[in-house]
Amino acid sequence: MIKSKKDLKKYMEMDRQALGIHGNKRPRIFLDYIYKFEVILRKHEYYHNVKGKLGHCFLEKYYSVRHQRLGAFLGFDIPINVFGPGLRINHYGYIVVNEMAKIGSWCDIHQGVNIGQNITGGAPQIGDNVWIGPGAKIFGEIQVADRVAIGANAVVNRSVIEEDVTVAGIPAAIKKETGNPWVKNLNSSISRRSDNRAEE
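For the sequence shown, the numbering used here begins at 27 and goes up steadily by one.
Okay, here's the thing in structure tokens:
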């Protein structure tokens with residue numbers, strides 16, 4: 027969670043790296059709106075979380091409006107304080123995330139994803155370095171371990187406690203004993219998992 031300007035800077039830099047934007051390089055055209063959305067999301071989080079400073083109430087409302095408007099334009103219903111740093115949204119289009127969900131750092135998410143509650147009100151708690159394919163549905167009071175890859179159109183309604191696996195299908199089940207082929211760490215490095223090269 028962003029609780030200081032230092033946190034804000036860290037989150038925004040890791041988001042840039044996740045999107046493949048380095049230094050002062052401008053994002054590719056199709057990523058420009060996604061990059062802007064992530065910047066606005068992080069600033070909304072900062073001004074919402076850091077209370078009591080002069081002007082923060084106004085700025086929270088300002089970024090809340092921008093967050094909602096750009097999200098609606100892109101098809102995103104992504105609330106504040108659910109994604110850790112290093113968020114990569116691959117494409118504009120329908121993405122819905124419940125406000126009670128928690129997703130760790132370096133999440134790689136595609137269009138058509140729904141992360142939501144079940145009838146008892148529980149929402150997913152998702153680890154770090156999780157790859158979520160197009161059209162995946164993840165719902166309920168479940169846990170998803172680190173470095174899991176969730177296949178396209180999978181329906182995940184049970185916990186995935188094993189790390190480094192790929193799940194797919196309806197309902198989702200483990201299909202491979204290898205997970206997300208990209209490994210990122212909190213020092214912002216990105217490396218290819220050598221054991222998965224042959225499968226790409």
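Heads up, the beta-carbon is just placed ideally off N, CA and C, and yes, glycines get one too.
None of these values were measured; they are calculated from a predicted model.
Nearest neighbour of residue i, chosen from the options [CA to CA]
| i | options | result |
| --- | --- | --- |
| Ile-164 | Asp-172, Ile-187, Val-139 and Ser-90 | Val-139 |
| Asp-172 | Ile-121, Ile-158, Arg-95 and Lys-36 | Ile-158 |
| Lys-128 | Gln-169, Lys-36, Cys-83 and Asn-179 | Gln-169 |
| Gly-195 | Tyr-59, Glu-188, Pro-160 and Pro-207 | Pro-160 |
| Asn-179 | Met-27, Tyr-89 and His-136 | His-136 |
| Lys-21 | Ile-145, His-82 and Val-174 | Residue 21 lies beyond the stretch modelled for the chain, which goes from 27 to 226, so this question has no answer here. |
| Leu-67 | Ile-47, Met-27, Gly-46 and His-48 | Met-27 |
| Lys-69 | Pro-105, Leu-45 and Phe-99 | Pro-105 |
| Asp-33 | Glu-71, Phe-99 and Ile-145 | Glu-71 |
| Pro-207 | Val-182, Ala-199, Gly-177 and Ala-198 | Gly-177 |
| Gly-130 | Leu-45, Gly-153 and Tyr-59 | Gly-153 |
| Gln-151 | Asn-107, His-117 and Phe-84 | Asn-107 |
| Leu-45 | Gly-147, Val-91 and Leu-113 | Leu-113 |
C-alpha gap between residue i and residue j, whole angstroms
| i | j | result |
| --- | --- | --- |
| Arg-223 | Lys-31 | Legend: pLDDT at Arg-223 = 31, less than 50; position of this residue unreliable, no value from coordinates given. |
| Thr-204 | Val-156 | 12 Å |
| Val-76 | Val-186 | 34 Å |
| Gln-94 | Asp-190 | 34 Å |
| Ile-141 | Ala-149 | 8 Å |
| Tyr-120 | Leu-96 | 13 Å |
| Glu-167 | Asp-41 | 27 Å |
Residue i, buried or exposed, once every other Cβ within 10 Å from all chains shown has been counted against 16
| i | result |
| --- | --- |
| Phe-192 | The sequence shown places Thr at residue 192, not Phe. Under this definition Thr-192 is a buried residue. |
| Gly-78 | exposed |
| Phe-63 | buried |
| Leu-20 | Nothing can be reported for residue 20: it is not among the residues displayed for the chain, which extend from 27 to 226. |
| Asn-144 | exposed |
| Ala-98 | exposed |
| Val-123 | buried |
| Phe-109 | buried |
| Phe-102 | buried |
| Ala-162 | buried |
| Asp-134 | buried |
(Q) What ranges does the beta strand (DSSP E) occupy inside the segment 131-208, keeping only unbroken runs of at least 3 residues that lie completely in it? (A) 139-142, 163-165, 192-194 and 199-202
Q. What are the complete alpha helix (DSSP H) segments, minimum 4 residues, inside the segment 38-115?
A. 55-75 and 82-100
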